[in-house]
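Written below as structure tokens is the structure these notes are about.
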Amino acid sequence: KAMEKVILQGGGEHARVVLDALLSMGVEVVGLFDPKYQGELYGVPQRGEYDPIFEPDALAIVAIGNNKTRKEAVLRTKHHFTTCIHKSAIVSKFASVGEGSMVLHSTVIQPGTKLGKHVIVNTRASVDHDCLIGDFVHIAPGATLCGTVQVGEGTLIGAGATVLPGIQIGKWCTIGAGAVVTRGVEDNTTVVGNPAMVITTNK
Numbered sequence: 004k005a006m007e008k009v010i011l012q013g014g015g016e017h018a019r020v021v022l023d024a025l026l027s028m029g030v031e032v033v034g035l036f037d038p039k040y041q042g043e044l045y046g047v048p049q050r051g052e053y054d055p056i057f058e059p060d061a062l063a064i065v066a067i068g069n070n071k072t073r074k075e076a077v078l079r080t081k082h083h084f085t086t087c088i089h090k091s092a093i094v095s096k097f098a099s100v101g102e103g104s105m106v107l108h109s110t111v112i113q114p115g116t117k118l119g120k121h122v123i124v125n126t127r128a129s130v131d132h133d134c135l136i137g138d139f140v141h142i143a144p145g146a147t148l149c150g151t152v153q154v155g156e157g158t159l160i161g162a163g164a165t166v167l168p169g170i171q172i173g174k175w176c177t178i179g180a181g182a183v184v185t186r187g188v189e190d191n192t193t194v195v196g197n198p199a200m201v202i203t204t205n206k
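Residue numbers (our numbering): 4 to 206.
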């Protein structure tokens, strides 16, 4: 929203995309927090370590691509969260987007879909009807989830991957780039290929 003040945790590659989206929407971004970066990014000050008392009424987004690192940063964040939905995204009014989530450039979210908290739906990804997406999931650029797919917390759906209708994917999985998922995937499992095959499972 144009009247909000927003801070970002993160100053790396993913933060650049989220920052670009927010600025294009007229949001006032008042600081980026990441100890690895200094100076300014797109005119916004990079302020080092996260400061829980900086602009206490500002809202936060944790703009970190790695799901585990994003969750760790969220748990340390004292600010309330907002969402980032780029103006080019098509999000059904019958879908829901959890707090802290980032729906980026040219994505599609169809009706009945529920995104959890701090989810990334990245560039040109498509999530069809009635999907259930857990917290801290990252759906990478160009990935396609067909209808009624379920994805557990912390899972990465790699760039260009396709998940067929009705498939259930567990928590903290990795779906390789370009994979075609034709059957369910257990928690903590990595699958690759077409059709997707298991290469590792961490019980």
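Heads up, the beta-carbon is just placed ideally off N, CA and C, and yes, glycines get one too.
Along the chain, where does the beta strand (DSSP E) that runs through residue i open and close?
| i | result |
| --- | --- |
| T72 | Run containing T72: none in the beta strand (DSSP E); it sits in the alpha helix (DSSP H), N70 to R79. |
| L62 | L62 to V65 |
| L35 | E31 to F36 |
| V201 | M200 to T204 |
| V21 | No beta strand (DSSP E) holds V21; the alpha helix (DSSP H) holding it covers E16 to S27. |
| I10 | K8 to Q12 |
Between the alpha carbons of residue i and residue j, how many angstroms are there, rounded?
| i | j | result |
| --- | --- | --- |
| N69 | G196 | 22 Å |
| N191 | T204 | 6 Å |
| M28 | E189 | 39 Å |
| V201 | R127 | 26 Å |
| V20 | L107 | 8 Å |
| A98 | E75 | 27 Å |
| V94 | L25 | 16 Å |
| E52 | G161 | 30 Å |
| K4 | L62 | Caution is warranted here: a pLDDT of 48 is assigned to K4, below 50, making its placement in the model unreliable, and the coordinate value is therefore given only provisionally. C-alpha separation (whole angstroms): 11 Å. |
| V47 | G157 | 29 Å |
| K96 | Q113 | 9 Å |
| G194 | G163 | Correcting the residue identity first, residue 194 is Val in this sequence and not Gly. Rounded to whole angstroms, V194 to G163 spans 14 Å at the Cα level. |
| I88 | E102 | 11 Å |
Residue i and residue j look like a contact to me (Cβ under 8 Å); what is the Cβ gap, rounded to whole Å?
| i | j | result |
| --- | --- | --- |
| V100 | L78 | That belief does not hold up - the Cβ atoms of V100 and L78 are roughly 20 Å apart, past 8 Å. |
| H132 | G150 | 5 Å |
Which partner residues does residue i have in the DSSP bridge list?
| i | result |
| --- | --- |
| K117 | S99 and L135 |
| H48 | What sits at residue 48 in the sequence shown is Pro, not His. The partner list for P48 (beta bridge, DSSP) reads E43. |
| F84 | A63 |
| T177 | L159 and T193 |
| L148 | V130 and V166 |
| V122 | Partner(s): none; V122 has no beta bridge. |
From the options, pick the residue whose C-alpha is nearest to that of residue i; which is it?
| i | options | result |
| --- | --- | --- |
| P59 | P48, K71, E43 and K81 | K81 |
| D37 | I10, V30 and H121 | I10 |
| H83 | H121, G137, V111 and R50 | H121 |
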